[in-house]
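As structure tokens, the structure follows; a few thoughts come after it.
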Amino acid sequence: MSGPSDYQPTNPALKWIERRLPILGLMHSSFVAYPTPRNLNYWWTFGAILSMMLGVQIITGVILAMHYTPHVDMAFKSVESIVRDVNYGWLLRNMHATGASMFFVAVYIHMFRGLYYGSYKEPREILWILGVIIYLLMKASGFMGYVLPWGQMSFWGATVITNLFSAIPYVGDSIVTLLWGGYSVGNPTLNRFFSLHYLLPFVIAGVVVLHVWALHVAGQNNPAGVEPKTEKDTVPFTPYATMKDAFGVSCFMLFFAWFIFYMPNYLGEADNYIPANPGVTPAHIVPEWYYLPFYAILRSIPNKLAGVVAMFGAILVLAFLPWLDTARTKSSKYRPLAKQFFWIFVVVCVLLGWLGAKPAEGIYVIAGRVLTFCYFAYFLIVLPLLSRIEKPRPVPNSIADDVLAKAGKSAPMVSTVIALAVAGALFAGSAPGALAAEGQAAPPSQQWSFAGPFGKFDRGAMQRGLKVYKEVCASCHGLSYIAFRNLADPGGPGFTVAQAAAFASEYKVKDGPNDAGDMFERPGRPADYFPSPFPNDNAARAANGGALPPDLSLITKARSYPRGFPMFVVDLFTQFQEQGPNYVSGLLQGYEEKPPAGFTLPEGSSYNKYFPGHAIKMPNPLSDGQVTYDDGSPATVAQYAKDVTTFLMWTAEPHMEARKKLGMQVFVFLILLTGLLYFTKKKIWADAH
Amino acid sequence: MTLVPFITQMNPDASTIAAGAPIEVDLAPIAEGQDIKVFWRGKPIFVSHRTKKQIDEARKVSVASLPDPQSDEARVKPGHDQWLVVIGICTHLGCIPIAHEGQYDGFFCPCHGSVYDTSGRIRSGPAPTNLPVPPYQFVSDTKIQIG
Numbered sequence: 044m045s046g047p048s049d050y051q052p053t054n055p056a057l058k059w060i061e062r063r064l065p066i067l068g069l070m071h072s073s074f075v076a077y078p079t080p081r082n083l084n085y086w087w088t089f090g091a092i093l094s095m096m097l098g099v100q101i102i103t104g105v106i107l108a109m110h111y112t113p114h115v116d117m118a119f120k121s122v123e124s125i126v127r128d129v130n131y132g133w134l135l136r137n138m139h140a141t142g143a144s145m146f147f148v149a150v151y152i153h154m155f156r157g158l159y160y161g162s163y164k165e166p167r168e169i170l171w172i173l174g175v176i177i178y179l180l181m182k183a184s185g186f187m188g189y190v191l192p193w194g195q196m197s198f199w200g201a202t203v204i205t206n207l208f209s210a211i212p213y214v215g216d217s218i219v220t221l222l223w224g225g226y227s228v229g230n231p232t233l234n235r236f237f238s239l240h241y242l243l244p245f246v247i248a249g250v251v252v253l254h255v256w257a258l259h260v261a262g263q264n265n266p267a268g269v270e271p272k273t274e275k276d277t278v279p280f281t282p283y284a285t286m287k288d289a290f291g292v293s294c295f296m297l298f299f300a301w302f303i304f305y306m307p308n309y310l311g312e313a314d315n316y317i318p319a320n321p322g323v324t325p326a327h328i329v330p331e332w333y334y335l336p337f338y339a340i341l342r343s344i345p346n347k348l349a350g351v352v353a354m355f356g357a358i359l360v361l362a363f364l365p366w367l368d369t370a371r372t373k374s375s376k377y378r379p380l381a382k383q384f385f386w387i388f389v390v391v392c393v394l395l396g397w398l399g400a401k402p403a404e405g406i407y408v409i410a411g412r413v414l415t416f417c418y419f420a421y422f423l424i425v426l427p428l429l430s431r432i433e434k435p436r437p438v439p440n441s442i443a444d445d446v447l448a449k450a451g452k453s454a455p456m457v458s459t460v461i462a463l464a465v466a467g468a469l470f471a472g473s474a475p476g477a478l479a480a481e482g483q484a485a486p487p488s489q490q491w492s493f494a495g496p497f498g499k500f501d502r503g504a505m506q507r508g509l510k511v512y513k514e515v516c517a518s519c520h521g522l523s524y525i526a527f528r529n530l531a532d533p534g535g536p537g538f539t540v541a542q543a544a545a546f547a548s549e550y551k552v553k554d555g556p557n558d559a560g561d562m563f564e565r566p567g568r569p570a571d572y573f574p575s576p577f578p579n580d581n582a583a584r585a586a587n588g589g590a591l592p593p594d595l596s597l598i599t600k601a602r603s604y605p606r607g608f609p610m611f612v613v614d615l616f617t618q619f620q621e622q623g624p625n626y627v628s629g630l631l632q633g634y635e636e637k638p639p640a641g642f643t644l645p646e647g648s649s650y651n652k653y654f655p656g657h658a659i660k661m662p663n664p665l666s667d668g669q670v671t672y673d674d675g676s677p678a679t680v681a682q683y684a685k686d687v688t689t690f691l692m693w694t695a696e697p698h699m700e701a702r703k704k705l706g707m708q709v710f711v712f713l714i715l716l717t718g719l720l721y722f723t724k725k726k727i728w729a730d731a732h
Numbered sequence: 027m028t029l030v031p032f033i034t035q036m037n038p039d040a041s042t043i044a045a046g047a048p049i050e051v052d053l054a055p056i057a058e059g060q061d062i063k064v065f066w067r068g069k070p071i072f073v074s075h076r077t078k079k080q081i082d083e084a085r086k087v088s089v090a091s092l093p094d095p096q097s098d099e100a101r102v103k104p105g106h107d108q109w110l111v112v113i114g115i116c117t118h119l120g121c122i123p124i125a126h127e128g129q130y131d132g133f134f135c136p137c138h139g140s141v142y143d144t145s146g147r148i149r150s151g152p153a154p155t156n157l158p159v160p161p162y163q164f165v166s167d168t169k170i171q172i173g
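The listed protein sequences correspond, in order, to chains H and U. Reminder that position 466 of the first sequence reads as 509 in this note's numbering, one-by-one numbering, no gaps. Reminder that position 110 of the second sequence reads as 136 in this note's numbering, one-by-one numbering, no gaps.
The structure is reproduced here in structure tokens:
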């Protein structure tokens with residue numbers, strides 16, 4: 044399609060360059076003069092959206108790598124210091140982490156669009172296969188990136204996924220050792236994953252160039268599925284497609300910003316805020332939502348090797364799609380049966396994703412097997428068969444005819460968008476829903492001053508909470524990510540710098556060695572961190588009946604409970620994300636003197652309504668009147684719990700107020716930009732429709 | 027042949043191999059019915075001092091009825107029937123089972139619900155094989171060397 048360019052620069056400098064390196068001509072013929080079908084709908088803007096996302100991921104990733112330390116002892120801490128100490132580090136990290144999810148949202152829509160409109164058919168087979176390769180590379184990068192923060196899910200996800208290769212007969216175990224660089228997932232594994240995670244996006248970028256090249260040779264497919272024949276069928280890429288893409292990208296950024304600024308942890312797992320521990324397996328190991336359908340396929344097959352083969356087969360089968368679907372009509376618009384099966388297939392994929400997040404037991408296993416069969420049947424039975432039995436409706440003579448025919452009636456876009464948004468939300472939200480089925484009472488939802496888009500911390504509550512922490516919690520629990528200087532940070536408990544320094548000086552901090560080579564104690568300084576009550580984990584365990592009192596810095600983000608369907612979909616819109624605070628405050632008030640009948644409490648434990656398994660080693664820490672408040676607030680357990688939870692929410696996310704404030708500014712900007720782009724686009728397209 | 031250095035560099039390096047050398051475990055402090063977890067090559071090894079009841083339970087079942095048939099005698103060292111030493115990594119997808127849990131009083135994997143008996147043999151759940159026994163021998167009656 045993009046023949047030799049007729050681009051003739053008039054500027055002598057550009058002329059000089061063009062004669063030696065015709066790069067301007069290449070750009071002009073590819074992105075300005077390039078003829079694009081005039082009937083493309085908004086599903087076609089996802090190509091541009093994906094290019095933008097790749098750019099966002101590479102830029103934020105390169106920056107994060109400047110601050111990150113790929114070492115098992117420091118990785119988790121370095122990620123926390125990016126979020127806490129690096130200027131705008133929280134923003135860059137949120138962009139990168141939620142950006143990965145957005146990348147997959149966009150790529151799945153892009154793939155389903157290709158599937159629906161038959162974009163893999165002659166002459167676009169190689170274009171499609173390059174896309175499958177990009178998708179595989181994206182999954183590999185996404186997986187390795189998820190390992191880098193070195194939380195519990197990172198570690199155990201890496202363990203489970205690398206163990207998949209042990210299913211290979213004879214050489215499996217040697218391959219796994221080779222991947223690990225040790226006898227288990229450890230420091231060498233983390234190091235090589237970091238190296239590869241840095242490399243792969245550039246490989247993706249390279250394949251994307253091939254993908255776009257192949258696209259520009261074959262030309263874009265379009266909703267009618269007929270190739271452009273005359274000038275009338277196409278419009279030049281610029282300004283038509285560029286403006287439409289810009290509008291699509293802007294809309295997608297609004298969606299993206301919703302997660303960056305208001306729901307940064309919605310798509311993640313609370314367990315990943317617990318540092319990796321090779322000695323403890325989390326109760327439910329769940330991959331990121333974008334792998335869930337394939338994880339469901341893996342688990343639904345009882346044989347280990349066959350499960351792994353099926354999982355990889357589920358992706359590889361896509362590469363053979365151009366030869367499995369032999370129907371001559373491209374677009375499903377004109378294929379009454381294929382259209383129905385397509386939507387069934389979409390539902391099958393969403394349901395598989397939902398099952399992937401469920402525990403592999405009982406009815407879920409059977410449902411998983413049925414759906415796995417449906418998944419493969421779509422490609423291996425339905426599509427080959429349909430081309431033989433289906434009678435497609437006549438396709439329009441040309442793209443121009445298609446546009447004219449449609450001009451009268453309004454497109455059914457809105458309903459499709461809504462249906463897809465709900466399906467997407469269901470799918471994405473199934474990950475947090477994964478932790479269900481524990482038979483656990485959910486702690487009551489409380490009113491938090493920091494909830495919602497305009498939420499702010501209650502300074503009084505934070506100062507009282509600090510007092511509760513210092514007088515009660517601190518005897519067993521550390522707060523090791525918080526420095527005394529943080530108490531004077533904007534958005535914090537509102538100490539002055541002098542107050543923070545005075546607070547620090549009340550603590551004894553170990554320093555040294557001095558000139559004589561001895562360690563010594565000195566008063567704390569603002570730059571020091573809260574000292575932990577025990578020198579190490581084993582000492583903490585020994586002093587607490589074998590149970591380790593967790594560090595509280597991140598506790599309100601590291602604890603969660605299932606919201607269940609349909610609440611987790613509602614949460615996406617109401618921005619509910621206070622499971623952690625509800626749990627912590629519920630736990631502090633959830634002690635009961637007498638366990639219910641039939642419950643045997645182990646020696647040395649207490650009964651708690653909200654603790655998983657109910658038997659908690661921590662004795663009831665709070666009682667009325669235990670901590671004296673000098674601001675007249677009631678000295679009750681309920682008030683203590685609320686205050687200390689507010690304080691601990693701040694320790695878990697010290698820049699929350701900055702995040703929400705910047706979010707509002709970004710939203711105002713993006714909404715204005717999107718509106719302007721919409722009207723610009725409308726004006727440009729006015730004569731084309 | 028030129029590829030060899032580029033691939034073998036990924037295998038465990040000299041220090042990792044050295045750190046994976048055999049370790050000795052003193053059994054004297056482990057009371058009957060108790061078990062300890064030691065780490066060898068980054069893997070948790072369960073050392074259980076089994077009670078008479080647990081040994082009997084492990085030997086009572088008919089070996090042929092097991093998903094991965096293996097007799098209890100083949101999984102312990104002769105003359106040291108009370109000591110069970112297994113690698114505590116679920117053979118399904120590598121999670122760590124919990125000792126003294128599950129309906130067979132053996133091990134229970136919290137990830138996907140595999141249940142092992144007092145001999146570390148798989149009894150129900152998705153795991154394909156028994157918990158593996160690491161290479162080890164008795165140095166003395168109260169000391170073993172793993173590796």
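Just so you know, even glycine gets a beta-carbon here, dropped at the ideal spot from N, CA and C.
What does the Cβ neighbour count give for H/A547, buried or exposed, with the cut at 16 atoms within 10 Å? The residue given as residue 547 of chain H occupies position 504 in the first sequence. With 16 or more other Cβ atoms inside 10 Å of its own Cβ, H/A547 counts as buried.
Exposed or buried, H/M562, counting other C-beta atoms within 10 Å across all chains shown (16 or more means buried)? On the first sequence, position 519 is the one that residue 562 of chain H refers to. It is exposed - the Cβ of H/M562 has fewer than 16 other Cβ atoms within 10 Å.
Mind reading off the beta-carbon distance from U/I71 to H/T324? Whole number of angstroms is fine, and I expect it under 8 Å. Counting from one through the second sequence, the residue named residue 71 of chain U turns up at place 45. Counting from one through the first sequence, the residue named residue 324 of chain H turns up at place 281. Their Cβ separation, rounded to whole angstroms, is 16 Å, which puts U/I71 and H/T324 out of contact at 8 Å.
Decide yes or no for the touch test of the stretch 519-532 of chain H against the stretch 571-582 of chain H: beta carbon pairs closer than 8 Å, at least 3 of them. Counting Cβ pairs under 8 Å, three or more are found: they touch.
Taking 9 Å as the cut-off, decide whether the C-beta atoms of H/V269 and H/K347 are in contact. The residue you call residue 269 of chain H lines up with position 226 of the first sequence. The residue you call residue 347 of chain H lines up with position 304 of the first sequence. With respect to H/K347, H/V269 sits apart: the two C-beta atoms are not nearer than 9 Å.
Comparing the C-beta of U/P71 with each C-beta of chain H, is any distance below 9 Å? Taking the first residue of the second sequence as 1, we reach residue 71 of chain U at position 45. A quick correction: the sequence has Ile, not Pro, at residue 71 of chain U. With 9 Å as the cut-off, U/I71 does not count as an interface residue toward chain H.
When the Cα atoms are used, what is the spatial distance from H/A319 to H/K287? Within the first sequence, the letter at position 276 stands for residue 319 of chain H. Within the first sequence, the letter at position 244 stands for residue 287 of chain H. The alpha-carbon atoms of H/A319 and H/K287 are separated by roughly 45 Å.
How long is the line joining the alpha carbons of H/T717 and H/L705, rounded to whole angstroms? Position 674 of the first sequence, counted from the first residue, corresponds to residue 717 of chain H. Position 662 of the first sequence, counted from the first residue, corresponds to residue 705 of chain H. Going by the C-alpha atoms only, they are around 18 Å apart.
Give me the residue from H/G534, H/L530, H/G521, H/T202 with the minimum Cα distance to H/G498. The residue you call residue 498 of chain H lines up with position 455 of the first sequence. Nearest of H/G534, H/L530, H/G521, H/T202 to H/G498, Cα basis: H/G534.
Neighbourhood of H/G399 by C-beta, 7 Å cutoff - its chain only, sequence neighbours within 5 removed: Position 356 of the first sequence, counted from the start, is the residue given in the question as residue 399 of chain H. Closer than 7 Å at Cβ, skipping near neighbours: L335, P336, Y338, A339.
Which whole-angstrom value describes the C-beta separation of H/T290 and H/L720, a residue pair presumed to lie in contact below a C-beta threshold of 8 Å? As a working note, residue 290 of chain H is residue 247 in the first sequence. As a working note, residue 720 of chain H is residue 677 in the first sequence. A small correction: the amino acid at residue 290 of chain H is Phe; Thr does not occupy that position in the sequence shown. The C-beta separation of H/F290 from H/L720 comes to about 4 Å, placing the pair in contact by the 8 Å criterion.
Would you mind telling me which residues of chain U sit closer than 7 Å to H/G229, beta carbon to beta carbon, in chain order? The residue given as residue 229 of chain H occupies position 186 in the first sequence. For H/G229, the C-beta contacts it makes with chain U under 7 Å involve G68, in order along the chain.
Using 9 Å as the threshold, is the C-beta distance between H/H153 and H/N230 below it? Here residue 153 of chain H corresponds to residue number 110 of the first sequence, with the count starting at 1. Here residue 230 of chain H corresponds to residue number 187 of the first sequence, with the count starting at 1. Against a cut-off of 9 Å, the Cβ pair of H/N230 and H/H153 comes out as no contact.
Buried or exposed, going by whether 16 or more other CB atoms sit within 10 Å of the CB of H/G482? Position 439 of the first sequence, counting from 1, holds the residue named residue 482 of chain H. Caution applies to H/G482, whose pLDDT of 49 falls short of 50 and renders its modelled position unreliable; the value that the coordinates give is listed next. Per the 10 Å Cβ criterion, exposed.
What is the residue span of the alpha helix (DSSP H) that H/T281 lies within? Residue numbering aside, residue 281 of chain H sits at position 238 when the first sequence is read from its first letter. From DSSP, H/T281 is part of no alpha helix (DSSP H); its letter is neither H nor E.
Exposure label - H/F388; buried when at least 16 CB within 10 Å: As a working mapping, residue 388 of chain H is identified with position 345 in the first sequence. Buried: at least 16 other Cβ atoms inside 10 Å.
Cβ closer than 8 Å: which chain U residues qualify as neighbours of H/P336? On the first sequence, position 293 is the one that residue 336 of chain H refers to. Chain U residues near H/P336: none, gap ~17 Å exceeds 8 Å.
Inter-residue Cα distance where the pair is U/P93 and U/T155: Translated into positions along the second sequence, residue 93 of chain U becomes position 67. Translated into positions along the second sequence, residue 155 of chain U becomes position 129. C-alpha separation (whole angstroms): 7 Å.
Kindly indicate the opening and closing residues of the beta strand (DSSP E) around H/P78. The residue labelled residue 78 of chain H in the question sits at position 35 within the first sequence. Taken as a continuous stretch (DSSP letters only), the beta strand (DSSP E) holding H/P78 covers 78-80.
Please list the residues of the stretch 298-331 of chain H that have a C-beta atom closer than 9 Å to any C-beta atom in chain U, keeping them in chain order. Residues are counted here when their Cβ sits less than 9 Å from a Cβ of chain U; for the stretch 298-331 of chain H these are P321, G322, V323, T324, P325, A326, H327, I328, given in chain order.
Run down chain U in chain order and give the residues with a C-beta less than 8 Å from the C-beta of H/Y226. For the purposes of this step, residue 226 of chain H is taken as the residue at position 183 of the first sequence. Those within 8 Å of H/Y226 in chain U are P38, T42, G46, R67, G68, K69.
Taking H/F422 as the reference, which of H/G356, H/G350, H/A678, H/Y189 has the closest Cα? As a first step, residue 422 of chain H must be located in the first sequence, where it is residue number 379. Of H/G356, H/G350, H/A678, H/Y189, the residue nearest in Cα terms is H/G356.
Simplified DSSP assignment, three categories, for U/W66: Position 40 of the second sequence, counting from 1, holds the residue named residue 66 of chain U. Note: U/W66 maps to strand in three-state DSSP.
Looking at the structure shown, is H/G476 part of a helix, part of a strand, or coil, going by DSSP? In the first sequence, residue 476 of chain H corresponds to position 433, counting from 1. The predicted model places H/G476 with a pLDDT of 43, which falls under 50 and marks its position as unreliable; any figure quoted below should be read in that light. Correct three-state label for H/G476: helix.
Within chain U, partners of H/P345 - CB distance below 8 Å: Residue mapping note: residue 345 of chain H aligns to position 302 of the first sequence, counting from 1. Per Cβ cutoff of 8 Å: P152.
Beta-carbon proximity list for H/Y650, same chain, < 6 Å, skipping 5 on both sides: Position 607 of the first sequence holds residue 650 of chain H. If the five residues before and after H/Y650 are omitted, its C-beta is found closer than 6 Å to the C-beta atoms of E635, P638, L644, H657, all from its own chain and listed in chain order.
Is the Cβ of H/E404 closer than 9 Å to any Cβ of chain U? By 1-based counting over the first sequence, the position of residue 404 of chain H is 361. Yes, H/E404 lies at the interface with chain U (some Cβ there is under 9 Å from its Cβ).
Are any of the Cβ atoms in chain H nearer than 9 Å to that of U/I56? For the purposes of this step, residue 56 of chain U is identified with residue 30 of the second sequence, where counting begins at 1. In terms of beta-carbon proximity, U/I56 stays away from the interface with chain H, with every pair separated by 9 Å or more.
Applying the criterion that 16 or more other CB atoms from any shown protein chain within 10 Å of the CB defines a buried residue, is H/G350 buried or exposed? Taking the first sequence and counting its residues from 1, one reaches residue 350 of chain H at position 307. Classification for H/G350: buried.
In the DSSP output, which residue or residues are listed as bridge partners for H/W491? As a working mapping, residue 491 of chain H is identified with position 448 in the first sequence. DSSP output for H/W491 lists no bridge partner at all.
Burial state of U/S140 (16 or more Cβ within 10 Å): Indexing the second sequence from 1 puts residue 140 of chain U at position 114. Buried.
So, are the CB atoms of H/K600 and H/G633 less than 9 Å apart? Numbered from its first residue, the first sequence carries residue 600 of chain H at position 557. Numbered from its first residue, the first sequence carries residue 633 of chain H at position 590. It is not a contact, given that the beta carbons lie outside the stated cut-off.
Cβ-based neighbour list, H/S648, same chain, cut-off 8 Å, excluding 5 preceding and 5 following: As a first step, residue 648 of chain H is located in the first sequence; it is residue number 605 there, counting from the start. Here the set comprises A658, I659, K660.
From which residue to which residue does the alpha helix (DSSP H) around H/G174 run? The count along the first sequence starts at 1 and reaches residue 174 of chain H at position 131. Counted as a single uninterrupted DSSP element, the alpha helix (DSSP H) harbouring H/G174 occupies residues 168-190.
Report yes if the CB atom of H/L713 is closer than 9 Å to the CB atom of H/M95, and no otherwise. Counting from 1 along the first sequence, the entry for residue 713 of chain H is found at position 670. Counting from 1 along the first sequence, the entry for residue 95 of chain H is found at position 52. The Cβ atoms of H/L713 and H/M95 do not sit closer than 9 Å to each other.
Check whether chain U comes within 9 Å of H/P475, counting only Cβ atoms and requiring the distance to be less than that. Residue numbering aside, residue 475 of chain H sits at position 432 when the first sequence is read from its first letter. Confidence is the limiting factor: at H/P475 the pLDDT is only 45, short of 50, which leaves the residue's position unreliable and the question unanswerable from this model.
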